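For what it's worth, this note's numbering labels the leading residue of the sequence shown as 19, then goes sequentially. In this text, a Cβ means the ideal position worked out from N, Cα and C, and glycines have one as well. Just so you know, these numbers come straight off a predicted model, no measurement behind them. So the structure is just underneath, and the comments pick up after that.
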Amino acid sequence: MIEFSPIWSIIVNAGTWLFVHIGISYGCAKLPIRFFMRNGSVYKERGWEQSGRLYDKLRIKKWKDRLPEAGALFKGGKAKRSLGDMDRNLLLFLYETRRAEFAHLLCIPPSFLFFLWNPAFIGMMMVVYALIANVPFIMVQRYNRIRLHRIIGDSATSSEKQVTPLIRVDE
């Protein structure tokens, strides 16, 4: 374990988190939309989500808009609130929920790096922070995706096939 003074420990921890969040967000924002067009196993609705009822029980609809949105933080990113209601934009929103979930999932594993220079207790606090800072966003993306699938169609695949040719894969 690398040892730092308390002040340096705070600076290193905060700086590392800043680098992790900005780096992963920037990297994911730069990935082409085609990377998120496939409904991979990570993004599929799970039985434990109970067709979205779990998220209704958690009252996500009431608090999701209070979370900060970084979709348009980087050039080429999309602010979800600016999307209209056309099929193309709904499909883009669906893909952007996958991008956001992917970014937040990637922000959790780096929390284990903090054990390299922190005592175990602080390392555990960093893991808890990673979960608290990312799981609500992941839940919102999954909630939104379930709702979008209902709007677009249960499987969304037929709509995707019709609308996807209208979406440039380098967007």
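Contact under 9 Å by Cβ, residue i with residue j
i	j	result
F53	R117	yes
R14	E67	Missing from the structure shown is residue 14; the chain here goes from 19 to 189 and no further.
I51	L110	yes
V60	L123	yes
L76	L166	no
Three-state secondary structure assigned by DSSP to residue i
i	result
M157	helix
L85	coil
C125	coil
W35	helix
M190	Any property of residue 190 remains undetermined from this structure, which presents the chain solely from 19 to 189.
M19	coil
Buried or exposed by the 16-neighbour rule on C-beta atoms within 10 Å, applied to residue i
i	result
R163	buried
V146	exposed
I20	exposed
Own chain partners of residue i with C-beta closer than 6 Å, once the 5 adjacent residues on each side are dropped
i	result
I126	A148, N152
Rounded separation between residue i and residue j - CA only
i	j	result
S23	I140	13 Å
Y44	M157	21 Å
P137	I150	20 Å
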